[in-house]
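Just below is one structure, and these are the notes that go with it.
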Amino acid sequence: MRDAAMLRRGLLAWVSRVGAVLVLLCCSLSLLYVMTCSPLHSDDQPLSHALPHAGANQLSLGATRPVVGAGVAGTGRAAQSGGPSVVHSYQALLQEREEQHRLHISSLKKQIAQLKEALQERSQQLKGVQDSLKRAVAGGPPEGHGSQASDLGDAQGAKSQQADLQDFLRSQLSKAEVTAGARLPSEYAVVPFESFTLQRVYQLEMGLTRHPEEKPVRKDKRDELGEVLEAALHSLNTPPAQLDGKSSKVYSQSDFIEGITRTEKDKGTVYELTFRGESSREFRRLVLFRPFGPLMKVKSERVDTEDVLINIVVPLSRRTDKFKQFMHNFREVCVRQDGRVHLTVVYFGKEQVNEVRRILENTSREAHFQNYTLMQLDEEFSRGRGLDVGARAWKGGNVLLFFCDVDIYFTSDFLGSCRLNAQSGKKVFYPVLFSQYNPKLIYGGPEHIPPMEQQLVMKKDTGFWRDFGFGMTCQYRSDFINIGGFDIDIKGWGGEDVHLYRKYLHSNLLVVRAPSRGLFHLWHEKHCADELAPDQYRMCMQSKAMNEASHGQLGMLFFHRDIDAHLRKQKPQQQQQNPKKT
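Those letters in the sequence shown? Residues 259 to 840, per the working numbering, in order.
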């Protein structure tokens, strides 16, 4: 009995403990449910009331709209009384605070950069003092006398250099056409402005894209205009910039209307930016100037090209008449004038290959020239494949390659530029050649065409800079091999040159792209096949028209009937005014 009573009391105690634990667990779950799922009361503080007073690190433009919505939903009476106006006011306030914080952060970043520069300058001064102390300990002037004098002299020298630099920059500003104009001899001496907005640049010098208006394509141009706009906004939002001392407007990129800029190459670049002001008819204009510093000598070196051999690689298929003309120029320029050239001809197919061999043998016999190689490939023509085979076939060391076509005319001056502008492991040369118009249209008929040497004149009516072509290039064989060579999967003519050009642009080699006064593309008739699709055929005809003649010459051909009619009408009047004397 005694044992049964003890067992009953133990069981009751255990049950009571388990019940207490279950009750406590239920209470906890109920409290957690109430805290999680209960709605906000009308007297709770909305989130949007706290956000305008938060720090810059708690706000972002992307979070502005959801936060405002949450605040309005929680305000109850405020939302009912204010309606959409409350949302707009909160949103405007948030955006204004966000812009203020962004500008403040930008200002702090600039101050940090200035402090870093000052710290670096002080570190250099401290290093100079330490060096002076070391010299004094090693037997130089006594400490406290010579070292102090040296430090004082260094400080005065630094101040003098800084003052000279400031004077130079001020003189650059005074010389430039920023605050006043300059007398110019004619309209050809005017340096035009470029105009720009947040998204577009409007330019007279259209470059390779040929677009009169475009987004800034080059990263340096985008960074330049972005830096100018940031500096202008920083200046506008700095308290001293407030003209009347009462303006509270915070300027942002949305207030920027337009700007103009131009560069005087010997003075600097001027920027004029216009912003919206306090009212619809008020504007703020800022003029910024980036002066160019004095010339600095980077390096001075001696370049010896005496032993630099050029291997000219020419891919060919048929076109023996053009090859004969090419060899005539080759004999004069490469054999007689230069004498440091090897010729590699890569011929595709079997037709007319004997004629090509005969031309090479005649040149070798008549000019005593033995430095040539003729390679034959029995396959479909591929310019990239031919150049790649010709470059890799050379076994005489790291030679300078010149990839050339059969319709190219070059001078000995160009061969010199080829040697000077290409450097193994450092530079490749991509010259811009001058493309010749149709001589029959330029000179008024085949009977008036002068000899070839007299046709090579660089004028707007005789040709144009072929800045969209990248086929003619000078580069060392080692660079060509290391970059991966041509894409030999490209068949026919075209495309392989751009592929190789982009490889070099993506590498660490310097690409020298410049017009060459001694490199010409001779005109040849362009055929547009009937098998082309309509859009391809239209593009082919547009390319053909661009290579035929200048815009003015094509206009004269288009309006020749009107011109002839006008001349016929004028002829009787001229005869009456100038009667023949009998």
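Even for Gly, the Cβ is constructed at its ideal location relative to N, Cα and C.
The residue from Ser418, Asp562, Phe606, Ser432 with its alpha-carbon nearest to that of glycine 642 is Phe606.
In the structure shown, the three-state DSSP call for tyrosine 695 is coil. Taking all protein chains shown into account, histidine 779 has 16 or more neighbouring C-beta atoms within 10 Å of its C-beta and is therefore buried.
For glycine 517, the secondary structure class from DSSP, reduced to helix, strand or coil, is strand.
For threonine 602, the uninterrupted beta strand (DSSP E) segment begins and ends at 599–606. Annotation for lysine 718: Ser808 place their beta carbon closer than 7 Å to its own, counting only its chain and skipping 5 residues before and after.
In the three-state DSSP reduction, tryptophan 781 falls in the coil class, being neither helix nor strand. In this structure, phenylalanine 550 lies near glutamine 430, with their beta-carbon atoms less than 8 Å apart.
When the Cα atoms are used, tyrosine 762 and arginine 677 turn out to be separated by approximately 18 Å. Counting only runs of 4 or more residues that sit fully inside the segment 572–599, the alpha helix (DSSP H) segments are 578–588, in chain order. The shortest C-alpha to C-alpha distance from valine 561 to any of Arg275, Gln681, Phe728 is the one to Gln681. Counting only runs of 4 or more residues that sit fully inside the segment 624–691, the alpha helix (DSSP H) segments are 641–650, 670–679, in chain order. Linking leucine 462 to glutamate 452 through their CA atoms gives a straight-line distance of about 7 Å. Burial is judged here by how many other beta carbons sit within 10 angstroms of a residue's own beta carbon; proline 689 has at least 16 and is buried.
When rounded, the separation of the alpha-carbon atoms in glutamine 733 and leucine 659 is 5 Å. Around glycine 683, the same chain offers Tyr734, Ser736, Asp737, Leu767 as residues with beta carbons nearer than 8 Å, after the five sequence neighbours per side are excluded. Here DSSP, grouped into helix, strand and coil, assigns valine 449 to coil. Counting C-beta pairs closer than 8 Å gives three or more between the segment 567–578 and the segment 594–611, which meets the contact rule. Linking phenylalanine 514 to proline 443 through their CA atoms gives a straight-line distance of about 35 Å. Taken atom to atom, the span from the alpha-carbon of leucine 714 to that of glutamine 835 is near 41 Å. Burial is judged here by how many other beta carbons sit within 10 angstroms of a residue's own beta carbon; aspartate 755 has at least 16 and is buried. Take the alpha-carbon of alanine 787 and the one of cysteine 798: they are about 9 Å apart. Out of Asp671, Gly517, Ile700, the CA that lies nearest to the CA of threonine 563 is found in Asp671.
Under the DSSP assignment, glycine 526 falls outside any alpha helix (DSSP H), being part of the beta strand (DSSP E) whose first and last residues are 526–534.
Each residue's CA atom was taken as its position, placing histidine 706 and tryptophan 723 some 24 Å apart. Isoleucine 707 sits in coil when the DSSP states are folded into three classes, being neither helix nor strand. For a cut-off of 8 Å, the C-beta gap from tyrosine 695 to threonine 720 is around 6 Å, short enough to register as a contact.
Between the C-alpha atoms of glycine 703 and phenylalanine 817 there is a straight-line separation of about 18 Å. In this structure, the CA atom of glutamate 619 is about 46 Å from the CA atom of glycine 813. Pairing valine 664 with leucine 456, the inter-Cα distance amounts to about 47 Å.
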